[in-house]
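These notes are about the structure you will find just below.
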Amino acid sequence: MAISFSAETLRLLEGRNYAVLATINPDGSPHTSTMWVGLDGDDLLFSTVEGRVKHRNMLRDPRVSVTVWDSADPEISVDLRGRVSMTPDPERLLHIQLSHKYDTDPGEDRPGAHRVIVRMAVQKVAGHAA
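Numbering-wise (this note's numbering), the sequence shown opens with residue 131 and increments by one.
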């Protein structure tokens, strides 16, 4: 079922606001990472490198949670829950696109690194901006 985002949620997701991704470690404990995020329709997009903890966790268990907060007012936030899928991004296109959104240099990945696009199908939205 497709989720409809409120205008305030869209403002947060489309703006230069950082997100925290929560994945599940093998022992059931949470793992969090600060991320750049983008949108493609109703899907949240972000980039990572194969082999990182978050990548391994999402391969094993695609259930994730993402919190995005307003950089101008951190008390305004939205929490998204859903499942992810991943596709190769050998040219780092999403990573570079997101670096432009966040007005920063994308930097270089370690030699031999392989980037993936993570697509989150949002199943639940909650929070102050929901």
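The beta carbon of each residue, even a glycine, is placed where N, CA and C say it ideally should be.
Remember, predicted model here, so these are calculated numbers, not experimental data.
Start-to-end residues for the alpha helix (DSSP H) that takes in residue i
| i | result |
| --- | --- |
| ILE226 | 223 to 231 |
| TRP137 | According to the sequence shown, residue 137 is Ala rather than Trp. Unbroken alpha helix (DSSP H) run through ALA137: 137 to 144. |
Cβ shell of residue i (< 8 angstroms), same chain only, five flanking positions each side left out
| i | result |
| --- | --- |
| ARG242 | It is worth fixing the name first, because residue 242 is Gly in this sequence and not Arg. Contacts found: none. |
| LYS184 | LEU151, THR153, HIS161, SER163, THR178 |
Chain-order list of residues whose beta-carbon lies under 6 angstroms from that of residue i (same chain, five-residue window excluded)
| i | result |
| --- | --- |
| TYR148 | THR164 |
| PHE176 | MET165, VAL167, VAL248 |
| TYR232 | ARG146, TRP166 |
Beta-carbon proximity check, residue i vs residue j, cutoff 9 angstroms
| i | j | result |
| --- | --- | --- |
| VAL252 | ASP173 | yes |
| ARG245 | GLU180 | yes |
| TRP166 | LEU210 | no |
| GLY145 | ASP200 | yes |
| ARG193 | GLY171 | no |
Extent of the continuous beta strand (DSSP E) run through residue i
| i | result |
| --- | --- |
| ARG249 | 245 to 256 |
| THR217 | 207 to 218 |
Assigned exposure category for residue i - 16 Cβ within 10 Å defines buried
| i | result |
| --- | --- |
| HIS230 | exposed |
| GLY237 | exposed |
| LEU223 | exposed |
Contacting residues, own chain, Cβ-Cβ under 7 angstroms from residue i (five flanking each side not counted)
| i | result |
| --- | --- |
| ASN187 | THR153, ILE154, ASN155, HIS161 |
Output the residue ranges of the alpha helix (DSSP H) runs that lie fully inside the region 154 to 193 and measure 4 residues or longer, sorted by chain position. 183 to 190
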